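*Asks:*
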Amino acid sequence: MRKELIIVFAFLLVLASCTDGGPAINNQKTFLGGTTGLLINFVAGEPPTEVTDGGATPFTVTMKLENKGEVMIPKEKVTLTLKGFDSVDFGVSNPASLTVHPLADILKNDINPDTGQAINSPPEYVTFPTLNFGGRLSGNSVFPFMVDVCYNYQTKATSQMCIKENLLDSADTNVCSVSGEKTVQNSGAPVQITSFQEFSAGPDKVSFTITIKNVGNGLLSKADANCDDAPANKDVVKLTVDTHIVGLTCSGLSNTATAGTAYSGEVKLSTGERQVRCTQEIAANQKSDKIKIVDIFVDYGYKQSVSTNVLVKHI
Numbered sequence: 205m206r207k208e209l210i211i212v213f214a215f216l217l218v219l220a221s222c223t224d225g226g227p228a229i230n231n232q233k234t235f236l237g238g239t240t241g242l243l244i245n246f247v248a249g250e251p252p253t254e255v256t257d258g259g260a261t262p263f264t265v266t267m268k269l270e271n272k273g274e275v276m277i278p279k280e281k282v283t284l285t286l287k288g289f290d291s292v293d294f295g296v297s298n299p300a301s302l303t304v305h306p307l308a309d310i311l312k313n314d315i316n317p318d319t320g321q322a323i324n325s326p327p328e329y330v331t332f333p334t335l336n337f338g339g340r341l342s343g344n345s346v347f348p349f350m351v352d353v354c355y356n357y358q359t360k361a362t363s364q365m366c367i368k369e370n371l372l373d374s375a376d377t378n379v380c381s382v383s384g385e386k387t388v389q390n391s392g393a394p395v396q397i398t399s400f401q402e403f404s405a406g407p408d409k410v411s412f413t414i415t416i417k418n419v420g421n422g423l424l425s426k427a428d429a430n431c432d433d434a435p436a437n438k439d440v441v442k443l444t445v446d447t448h449i450v451g452l453t454c455s456g457l458s459n460t461a462t463a464g465t466a467y468s469g470e471v472k473l474s475t476g477e478r479q480v481r482c483t484q485e486i487a488a489n490q491k492s493d494k495i496k497i498v499d500i501f502v503d504y505g506y507k508q509s510v511s512t513n514v515l516v517k518h519i
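In structure tokens, the structure reads:
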């Protein structure tokens, strides 16, 4: 009897090893998601909450930069500026030295394709030149320490476009439905594609609308414009749509260009939100009931700020 139990147990082990080929793939996410691109914070104690006058307390200001999204930020595309006080009062004769860049690129986060869990990149740290209040105060004074960060960023998004053998047939929804709101997946970023709606536009074309929105609390500008808020740059993003089918056009864009199956151009989000309409020609050899993935990219500059106070005590 004992021998039979051992044989059964061994058989169950073999069966388990055959069926367990590794972790189950249950991830259906394309991106990690979220509405934050670059997260910036003061490192604890840098700056200290209080210092003394008379040049007795030199100190530093250090920022922690965490990329919460899924695109790498080159170090030269990130600028941090420390302001809120007279730099000369704090021993810095050249105010330009309080504008700095990270020493290394800020790496992107990745998603585990099997589990959907985040593979986080390490943070970067940036330290401004040493400060020291050299003058004499009549009494204690509080100074604001504000850091502006300007960086280039990109939102990646995907949705699904339905193509039918008969684009005018709204009754057959076995594979997909041409008309209606489609699910959108976004990478972690402060600008999001909040809506993707598809419609039949005739026997040989479909159309879809894309809604772009600034869902963060920062300021948008054209990429590589150093967060300049002049009218030509403010709230301007570059939109690229790729349906992987030739014959795509989008309206309401400026400085448009085509590259392969992608169509791109600039669009201004004057109210923080904008809808763009695109039309896709469907050639005869593309007419079959199927789903095509639409890739969407939004490139922009983004500016955000953090602040704290430093008390300078008179001694």
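In my numbering, the protein residues as written are 205 to 519. Every residue, glycine too, gets a C-beta built ideally from N, C-alpha and C. Here the structure is a predicted model, which means the values were calculated and not measured.
What is the DSSP secondary structure of Ser-342, reduced to helix, strand or coil?
*Replies:* Here Ser-342 sits in coil by DSSP.
*Asks:* On the CB-based measure, 16 or more other CB atoms within 10 Å of its CB, does Ala-463 come out buried or exposed?
*Replies:* That one is exposed.
*Asks:* Roughly how many angstroms lie between the CA atoms of Ala-466 and Ser-455, to the nearest whole one?
*Replies:* C-alpha separation (whole angstroms): 14 Å.
*Asks:* Check the DSSP bridge columns for Glu-254 and list the partner residues they point to.
*Replies:* Leu-515.
*Asks:* May I ask you to report which of helix, strand or coil DSSP gives Gln-232?
*Replies:* Gln-232 falls in the coil class under three-state DSSP.
*Asks:* Please list, in chain order, all residues of the same chain as His-305 whose beta carbon is under 7 Å from its beta carbon, the five residues on each side excluded.
*Replies:* Taken in chain order, the residues that qualify are Lys-279, Glu-280, Val-282 and Thr-283.
*Asks:* Could you tell me which residues DSSP puts in a beta bridge with Glu-385?
*Replies:* DSSP lists Gln-401 as partners of Glu-385.
*Asks:* Tell me, please, whether the segment 326-345 touches the segment 491-504 by the rule of three or more beta-carbon pairs shorter than 8 Å.
*Replies:* The segment 326-345 is not in contact with the segment 491-504.
*Asks:* Just to confirm the assignment, what range does the beta strand (DSSP E) spanning Ala-463 have?
*Replies:* Where Ala-463 is concerned, the enclosing beta strand (DSSP E) stretches over 458-463.
*Asks:* Take Val-498 and list the residues in its own chain whose beta-carbon comes closer than 6 Å to its own, dropping the five residues that flank it on each side.
*Replies:* Answer for Val-498: Ser-363, Met-365 and Thr-447, listed in chain order.
*Asks:* Please classify Ser-411: does DSSP put it in a helix, a strand, or coil?
*Replies:* Looking at Ser-411 - three-state DSSP - the assignment turns out to be strand.
*Asks:* Under 8 Å by Cβ, that's how I've got Ala-427 and Lys-442 pegged, so tell me the actual separation to the nearest angstrom.
*Replies:* Correct: roughly 6 Å between the Cβ atoms.
*Asks:* Counting only C-beta atoms, is Pro-278 closer than 8 Å to chain C at any point?
*Replies:* Of the protein chains in this structure there is only one, and it is not chain C.
*Asks:* Would you mind working out which of Tyr-355, Leu-335, Phe-403 and Ala-405 sits nearest Ala-393, comparing C-alpha positions?
*Replies:* Among Tyr-355, Leu-335, Phe-403 and Ala-405, the Cα nearest to that of Ala-393 belongs to Tyr-355.
*Asks:* Does DSSP classify Leu-311 as helix, strand or coil?
*Replies:* The answer is coil: DSSP assigns Leu-311 none of H, G, I, E or B.
*Asks:* Would you mind reading off the limits of the beta strand (DSSP E) that contains Asp-446?
*Replies:* Counting along the chain, the beta strand (DSSP E) containing Asp-446 begins and ends at 440-446.
*Asks:* Could you check what DSSP says for Val-247 in three-state terms: helix, strand or coil?
*Replies:* Residue state, collapsed to three classes: strand.
*Asks:* Which class does Val-275 belong to by DSSP, given the choice of helix, strand or coil?
*Replies:* Correct three-state label for Val-275: coil.
*Asks:* Quick one: Cα of Asn-336 to Cα of Phe-289, how far?
*Replies:* Using only the alpha carbons, I get a separation of about 12 Å.
*Asks:* In the DSSP output, what is Cys-366 paired with across the bridge?
*Replies:* The partner list for Cys-366 (beta bridge, DSSP) reads Ile-495.
*Asks:* What span of residues does the beta strand (DSSP E) with Glu-280 cover, start to end?
*Replies:* From DSSP, Glu-280 is part of no beta strand (DSSP E); its letter is neither H nor E.
*Asks:* Using only the alpha-carbon positions, how far apart do Cys-482 and Ser-468 sit?
*Replies:* If you take the alpha carbons of Cys-482 and Ser-468, they lie about 11 Å apart.
*Asks:* Looking only at its chain, what residues have a beta carbon closer than 7 Å to the beta carbon of Glu-515, apart from the 5 residues adjacent to it on each side?
*Replies:* Correcting the residue type first, residue 515 is Leu in the shown sequence and not Glu. The answer, listed in chain order, is Thr-253, Glu-254, Asn-344 and Val-346.
*Asks:* Pick from Val-471, Ser-381, Thr-359 and Asn-298: whose alpha carbon is nearest that of Thr-285?
*Replies:* Checking every option, the nearest Cα to that of Thr-285 belongs to Asn-298.
*Asks:* Straight-line CA distance for Glu-485 to Thr-444?
*Replies:* Going from the Cα of Glu-485 to the Cα of Thr-444 covers about 17 Å.
*Asks:* Could you tell me the distance, in whole angstroms, from the CA atom of Glu-250 to the CA atom of Met-267?
*Replies:* C-alpha separation (whole angstroms): 8 Å.
*Asks:* From the DSSP output, which residues share a beta bridge with Ile-323?
*Replies:* Beta-bridge pairing links Ile-323 to Asp-314.
*Asks:* DSSP state of Phe-347, grouped into three classes?
*Replies:* Note: Phe-347 maps to strand in three-state DSSP.
*Asks:* With C-beta atoms as the reference, is Val-395 less than 8 Å away from Glu-402?
*Replies:* Against a cut-off of 8 Å, the Cβ pair of Glu-402 and Val-395 comes out as no contact.
*Asks:* Exposed or buried, what is Gln-321 when buried is set at 16 or more other beta-carbons lying within 10 Å of its beta-carbon?
*Replies:* Flag for Gln-321 reads exposed.
*Asks:* Quick check: Phe-294 and Asn-513, are their CB atoms within less than 8 Å of each other?
*Replies:* No, the Cβ-Cβ distance between Phe-294 and Asn-513 is not below 8 Å.
*Asks:* Could you compute how far the alpha carbon of Pro-262 sits from the alpha carbon of Thr-334?
*Replies:* Straight-line Cα distance between these residues: approximately 7 Å.
*Asks:* Excluding the five sequence neighbours on either side, which residues of its own chain have a C-beta within less than 8 Å of the C-beta of Asn-313, listed in chain order?
*Replies:* Closer than 8 Å at Cβ, skipping near neighbours: Leu-236, Asn-271, Lys-272, Gly-273, Glu-274, Ala-322, Ile-323, Asn-324, Ser-325 and Gly-392.
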